[in-house]
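K.L.:
So for the sequence shown, the working numbering puts the first residue at -11; every next one is plus one.
This is the structure I have questions about; it appears just below.
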Amino acid sequence: MLLSKLFIPILKNNPSEAKIKSHQLMLRVGMIKQASAGIYSWLPLGFKVMKKIEEIVRQEQNKIGAQEILMPTIQSSEIWKESGRYEDYGEEMLRIKDRQNREMLYGPTNEEQVTEIFRSSLKSYKSLPQLLYHIQWKFRDEIRPRFGIMRGREFYMKDAYSFDISDDEAFYSYNKFFLSYLRTFKRLSLTAIPMAADTGPIGGNLSHEFIILADTGESKIFTDKRVFDLNSNETELEKNSLQQMRKKYEQYYSVTDEKFNKEEFEKVVSEENRLITKGIEVGHIFYFGDKYSKAMGASVDLPGGKKDFVKMGSYGIGVSRLVGAIIEAKYDDKNEIMKWPLSVAPYDIALIPMINKNDTSALDKAININKELIKNNIDAIIDDTEENFSSKIKKMNLIGTPYQIIIGKKTDGDLLEFKETGKETQNISLTKIVEIIKKQKNSN
Ligand code: ATP
Ligand code: MG
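Listed below in structure tokens is the structure:
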């Protein structure tokens, strides 16, 4: 794609209203545009990144056997009255009336809606387990929307729901999502740590928040830092091995502030392993048993003929928040260099030809190189403007393609000036460049 034809409204300087680096960068390179407080339009660059994140989230949900559905954004108040949350949810819920004067709401989450779908469709234990998810806009009238899309009022979330016959089976479902989250964040090149968390208005008794470290995060965390060295390479969805995997994480103290207990922390974590810091919550999983199924009458027939309420859990990932979280983790704001992980980068590589009015030969070379890249499924952005070299580099460093090729007048023969964004230039052939990028893509 030619940069001059793209809708990427770049600002010369950081916008003063943005306080954290992800918000600054997203406005600066025109990834988003504020529509009103906490509500944003997604422009091409930002939308591309979010869609790639969404696709990784989707693939990892599918891998554990979850089935994708799509529930509406607008819900009826009736089901929320059944669960008792219509009153409890408070002012974060946006309440609307339709022309018949019926009370509707813009969904802040979907436990009620999905329970309603389940209870009217499935009746037997033979259909269990069921893992259902959707990726949909949510609205929460946050008291303090801030940091751009990090705490929006309208935001994009993946939320999944599990239905099981017993606690034991439900923990198995919980552990599948636990693993799926570790895998998802790893593919986004983030280190997200599961931390024991409070269940809040969702209710229940087992919960983990997945948190990435960042000074600008809103979650305060207390950990045994050895938890950061753990890795999970489970390939089988086997019950016991998943149980072991969760235990491996739970052996180290790591909690958010609602669960923090100073005495216990100091007792179980030696001084040199204590880490008290801040992080961004990118996912949250809950087990809440029959809290909703009982209130809403979602039961199944058991083998012996009795009935029981299904045991449920819910599992959220902040898809739109992740765009900001990746920037917080990867953007070097001092040197103004962003390098997106290749798995979600808006473009794989930038071609930066040196062009002036009398000589467009470098642009021609770039266009030829691009033909070869297209054949290899590599998505390039070509800076076809006549700006000077340093402003071109600056701009591409902000857009954050993982790789760059600089094409000068002297570029001749087989060797190209290639670099990983932010690193030293190497002179290598196009064949070799294609090989490097393809190899990196396949590793994801
Ligand atoms: P928080 O403590 O940040 O308000 P939460 O516990 O209310 O989050 P959940 O209900 O568990 O969030 O929602 C699942 C995920 O959705 C969160 O882990 C987070 O990544 C994302 N999320 C929640 N609220 C917002 C928001 N206002 N803007 C953007 N993403 C959000
Ligand atoms: Mg919240």
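All residues carry an ideal CB built from backbone N, CA and C; glycine is no exception.
Would you please state the rounded distance, in angstroms, between the beta carbons of residue 67 and residue 284? I believe it to be under 8 Å.
P.N.:
That belief holds up - the Cβ atoms of residue 67 and residue 284 are roughly 7 Å apart, short of 8 Å.
K.L.:
Please confirm whether any heavy atom of the ligand ATP lies closer than 7 Å to the CB of residue 29.
P.N.:
Residue 29: no, Cβ never under 7 Å from the ligand ATP.
K.L.:
If you measure from the CB of residue 269, is any heavy atom of the ligand ATP nearer than 7 Å?
P.N.:
Yes, the Cβ of residue 269 comes within 7 Å of a heavy atom of the ligand ATP.
K.L.:
If we require 3 or more residues per run, which beta strand (DSSP E) segments fall completely within the stretch 191 to 232?
P.N.:
If we require 3 residues or more, the beta strand (DSSP E) runs fully inside the stretch 191 to 232 come out as 194 to 201, 207 to 212.
K.L.:
At a cut-off of 7 Å, is residue 173 close to the ligand ATP when judged by its beta-carbon and the heavy atoms of the ligand?
P.N.:
No, the beta carbon of residue 173 sits no closer than 7 Å to any heavy atom of the ligand ATP.
K.L.:
Starting from the Cα of residue 26, find the closest Cα among 303, 207, 183, 133 and give me that residue.
P.N.:
Minimum Cα distance to residue 26 is reached at 133.
K.L.:
Where does residue 291 fall in DSSP's three states?
P.N.:
Residue state, collapsed to three classes: coil.
K.L.:
CB-CB under 7 Å to residue 41, same chain, minus the five flanking residues each way: which ones, in chain order?
P.N.:
So the list reads 176, 307, 310, 311, 332, once near-sequence residues are dropped.
K.L.:
Can you check which of these residues, 164, 159, 99, is closest to residue 53 by C-alpha distance?
P.N.:
Closest option to residue 53, Cα to Cα, is 164.
K.L.:
Per DSSP, what are the beta-bridge partners of residue 256 in this structure?
P.N.:
None, per the DSSP bridge assignment.
K.L.:
If you follow the beta strand (DSSP E) that residue 341 is part of, which residue opens it and which one closes it?
P.N.:
It spans 337 to 341 - the beta strand (DSSP E) in which residue 341 sits, taken as one unbroken run.
K.L.:
For residue 86, tell me which candidate among 79, 94, 80 has the shortest Cα-Cα distance.
P.N.:
Checking every option, the nearest Cα to that of residue 86 belongs to 94.
K.L.:
For residue 173, which residues from the same chain have a beta carbon less than 8 Å from its beta carbon, with the 5 sequence-adjacent residues on both sides left out?
P.N.:
Answer for residue 173: 179, 180, 198, 200, 270, 271, listed in chain order.
K.L.:
Looking at C-alpha atoms only, which residue of 169, 227, 223, 137 is the closest neighbour of residue 49?
P.N.:
Comparing Cα positions, the closest option is 169.
K.L.:
Taking Cβ to Cβ, would you say residue 241 is nearer than 8 Å to residue 182?
P.N.:
For residue 241 and residue 182, no; Cβs fall outside 8 Å.
K.L.:
List, from N- to C-terminal side, the alpha helix (DSSP H) runs of 4 residues or more that fit wholly inside the stretch 263 to 313.
P.N.:
Whole alpha helix (DSSP H) segments, 4+ residues: 279 to 284.
K.L.:
Taking the C-alpha atoms as reference points, what is the distance between residue 10 and residue 432?
P.N.:
Roughly 24 Å separates the two Cα atoms.
K.L.:
Just confirm the distance between the C-beta atoms of residue 387 and residue 334, as a whole number of angstroms; I'd bet it's less than 8 Å.
P.N.:
The Cβ separation is near 7 Å, so the contact holds.
K.L.:
Can you determine whether any heavy atom of the ligand ATP sits closer than 7 Å to the C-beta of residue 139, and answer yes or no?
P.N.:
Yes, since a heavy atom of the ligand ATP falls inside the 7 Å radius drawn around the Cβ of residue 139.
K.L.:
Locate the beta strand (DSSP E) running through residue 404, then write down its first and last residues.
P.N.:
Per DSSP, residue 404 belongs to the beta strand (DSSP E) from 403 to 408.
K.L.:
Please list, in chain order, all residues of the same chain as residue 72 whose beta carbon is under 7 Å from its beta carbon, the five residues on each side excluded.
P.N.:
So the qualifying residues of the chain are 283.
K.L.:
Residue range of the alpha helix (DSSP H) that residue 32 falls in?
P.N.:
Element bounds for residue 32: 32 to 51.
K.L.:
Would a C-beta distance cut-off of 8 Å place residue 103 and residue 281 closer than the cut-off?
P.N.:
Yes, they are a contact pair.
K.L.:
If you reduce the DSSP assignment to three classes, tell me which class residue 112 lands in.
P.N.:
Three-state DSSP puts residue 112 in a strand.
K.L.:
Could you check whether the Cβ of residue 34 sits closer than 7 Å to any heavy atom belonging to the ligand ATP?
P.N.:
Result no, Cβ not under 7 Å from the ligand ATP.
K.L.:
Taking 7 Å as the cut-off, does the CB of residue 166 come closer than this to any heavy atom belonging to the ligand ATP?
P.N.:
No, since every heavy atom of the ligand ATP falls outside the 7 Å radius drawn around the Cβ of residue 166.
K.L.:
Give the straight-line distance between the Cα atoms of residue 45 and residue 249, rounded to the nearest whole angstrom.
P.N.:
Looking at the two C-alpha atoms, the distance is approximately 33 Å.
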